[in-house]
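Residue numbers (the UniProt record's numbering): 1 to 618.
Before any comments, here is the structure.
Below, the structure written as structure tokens:
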């Protein structure tokens, strides 16, 4: 399809020998020696000249000639569409925006309408390819394709795996409040409706959702089921034309707008406003709170709380964080600009109730009212919904979060010593994990490969043998400062090399996924090297991390652990502080968000001391 954007090169197929050498090196840091030796034997057999590896590599090279990106579909199925876990907490990130203060319902709903209008304006920029071309620091063009997914797609459940639906020419969004869903037109006469008109309809929805005769069961909770059970339930729902019509409206919408009431405070080890808000954005607080105001399969759920807590939840198979952050920050900034101009003045023309009137006293009414989506649930479906309520309550209640700001320094310290701030934090996370557990685990950090056509991500692995040598030196008595510094330098050099290789298409994870899938297709079974317990350990990411840059230091993104017994850790690097969002499971006895964050703080201070002591001694 013709495009105005510069087209990046195709993703290269990496060298097989290099990938398996990296695999064995990294594996040595996380598995016992006897397991590593077995893995070496399997790799030797697989990569031998007459082994299966070279044959599958040639098959992959042939496949790469026929598609725009050889990794994309293999990765998408493996990472998302075949995943069976529920979307909230396990997959969908939550994003928190700067808190607002609303003096009336009018201000709340008008602000929401401004966010909606800003989002639609951004959608039109995407459609017109008017979002400026983005480049790497060295001037290489980034692939802009992900932007086309965030408004035009939907993740539909299936019995065996999910699939992506794509829509064009959508004219409406969905508004969710009090567990009710409404279809709201955002265009009128081929023009974006005014924020005033949208706010009028939001007020109608708020009033209507409170009426007893309008109440529908909170069907959105079903999207919190694990994917295969939701696929079965989705099939049952479609048997009734009433449900089929409602589902079609949600699937084809541009986005979901969630009008929430007060936040549900979760019992965390560090209860603060940012932690409470992130819970809301990740899962909604449970079946009796705002999880009922969500539809987790839609890429964008814009959440504006009556108390001023704002953010979004987004379905991750759609895109990485960068295009989503760019969109919401643009829309949110426009809404804040309106709010600043409006001020906090209340007078007789602005009601404190659900109604909305304009400055001259008359509401701006659209040609048609919002449409309340109706559902028809059999007794079987009602039983499933009742069970779902208990399951989302358990899932939300099991998530332990801590959002906090390490404010003793930020990226200024690693920059002062000519080090990558991201690699610095990755090594700090390795040190924190080792302090907490006495060993290292497979660690995931997303590596953008947008410098290639249809590029999404590969994995930056931080649990290297160099990192292991360094954290052991930091935690064991009797190691000299000079030795610790030398090992730190080696670990930093290795981490920087791993990062650079991953973003330049030389990572190992996408390659292994492709070989495994081609091998399974060709032979009818998963190749032996990929069935090995060590390979499973290599892909069991007990520490899942990412840096999500934002322009506003009060904006951040977080998510849950990706495996049982694991941690999630997103972070925002600022000049003089680092914001961390750390998550784990309350039900797991082997993890502790409190302990991990304590050890993370201690490790960061030790790392600064290691570098500053050297500088002062020079």
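The C-beta atom is built at its ideal place from N, Cα and C for all residues, glycine as well.
If you're wondering where the values come from, they're calculated on a predicted model, not measured in any experiment.
Query - Continuous beta strand (DSSP E) assignments of at least 3 residues falling wholly in the stretch 145 to 215 - result: 153 to 156, 163 to 166, 172 to 177 and 180 to 185
**Report entry** Neighbourhood of residue 285 by C-beta distance below 8 Å, restricted to the same chain and skipping five residues each side
**Finding:** 263, 264, 266, 279, 291 and 396
**Report entry** Which residues DSSP lists as bridging residue 557, in chain order
**Finding:** 95
Query raised in the report: How is the alpha helix (DSSP H) around residue 112 delimited, first residue to last?
Result: 105 to 127
Report task. List the residues that DSSP assigns as beta-bridge partners of residue 546. Result -> 570
Query raised in the report: What is the rounded straight-line gap between the Cα of residue 346 and the Cα of residue 367?
Result: Bear in mind that a pLDDT of 49 at residue 346, under 50, signals an unreliable position, so the model cannot answer this.
Report task. Measure the alpha-carbon distance for residue 206 versus residue 216 and round it to whole angstroms. Result -> 14 Å
Report task. Kindly identify the DSSP beta-bridge partner or partners of residue 135. Result -> 141
**Report entry** Chain-order list of residues whose beta-carbon lies under 8 Å from that of residue 79 (same chain, five-residue window excluded)
**Finding:** 317
**Report entry** Beta-carbon contacts of residue 35 that lie in its chain and below 6 Å, excluding the five residues immediately before and after
**Finding:** 534
Query - Bridge partners - residue 447, DSSP secondary structure assignment - result: 458
Report task. Have a look at residue 67 and residue 13 and give me their C-alpha separation to the nearest angstrom. Result -> 12 Å
Query raised in the report: Helix, strand or coil: how does DSSP classify residue 13 here?
Result: coil
Query - Cross-strand partners of residue 585 (DSSP beta bridge) - result: 399
Query raised in the report: Which partner residues does residue 372 have in the DSSP bridge list?
Result: 182
Report task. For the alpha helix (DSSP H) holding residue 439, just list the boundary residues, first then last. Result -> That residue, residue 439, is in no alpha helix (DSSP H); it is neither H nor E in DSSP.
Query raised in the report: From residue 563 to residue 583, what distance separates their C-alpha atoms?
Result: 11 Å
Query raised in the report: Can you tell me whether DSSP reads residue 260 as helix, strand or coil?
Result: strand
Query - Of the residues 33, 44, 8 and 11, the one placed nearest residue 530, counting alpha carbons only - result: 44
Requested in this report: Using DSSP bridges, identify the partner residues of residue 310.
Outcome: 97 and 304
Query - Minimum C-alpha distance to residue 106 - residue among 121, 593, 197 and 137 - result: 197
Query raised in the report: According to DSSP, what are the bridge partners of residue 23?
Result: The partner list for residue 23 (beta bridge, DSSP) is empty, contrary to what the question assumes.
Query raised in the report: Which same chain residues, not among the five before or five after residue 252, have their C-beta less than 6 Å away from its C-beta?
Result: 167 and 170
Query raised in the report: Under the three-state reduction of DSSP, which class applies to residue 30: helix, strand or coil?
Result: coil
Query raised in the report: Nearest to residue 202 by CA position, among 180, 552 and 222, is which residue?
Result: 180
Report task. Measure the alpha-carbon distance for residue 140 versus residue 4 and round it to whole angstroms. Result -> 16 Å
Query - Span of the alpha helix (DSSP H), counted from its first residue to its last, around residue 466 - result: 465 to 475
**Report entry** Simplified DSSP state of residue 342, which is helix, strand or coil
**Finding:** helix
Query raised in the report: When the Cα atoms are used, what is the spatial distance from residue 376 to residue 245?
Result: 11 Å
Query raised in the report: If you run the structure through DSSP and keep just helix, strand and coil, what is residue 580?
Result: strand
Query raised in the report: To which residues of the same chain is residue 21 closer than 6 Å at the C-beta, ignoring the five residues directly before and after it?
Result: none
Requested in this report: Quick one: grab the DSSP three-state call for residue 405.
Outcome: strand
Query - Closest by C-alpha distance to residue 386, when choosing among 296, 310, 233 and 566 - result: 233
**Report entry** Given residue 158 as reference, the closest of 84, 424 and 200 once Cα atoms are compared
**Finding:** 84
Query - Residue span of the alpha helix (DSSP H) that contains residue 73, given as start and end - result: 72 to 76
Query raised in the report: residue 156: which of 149, 164 and 150 sits nearest, CA to CA?
Result: 164
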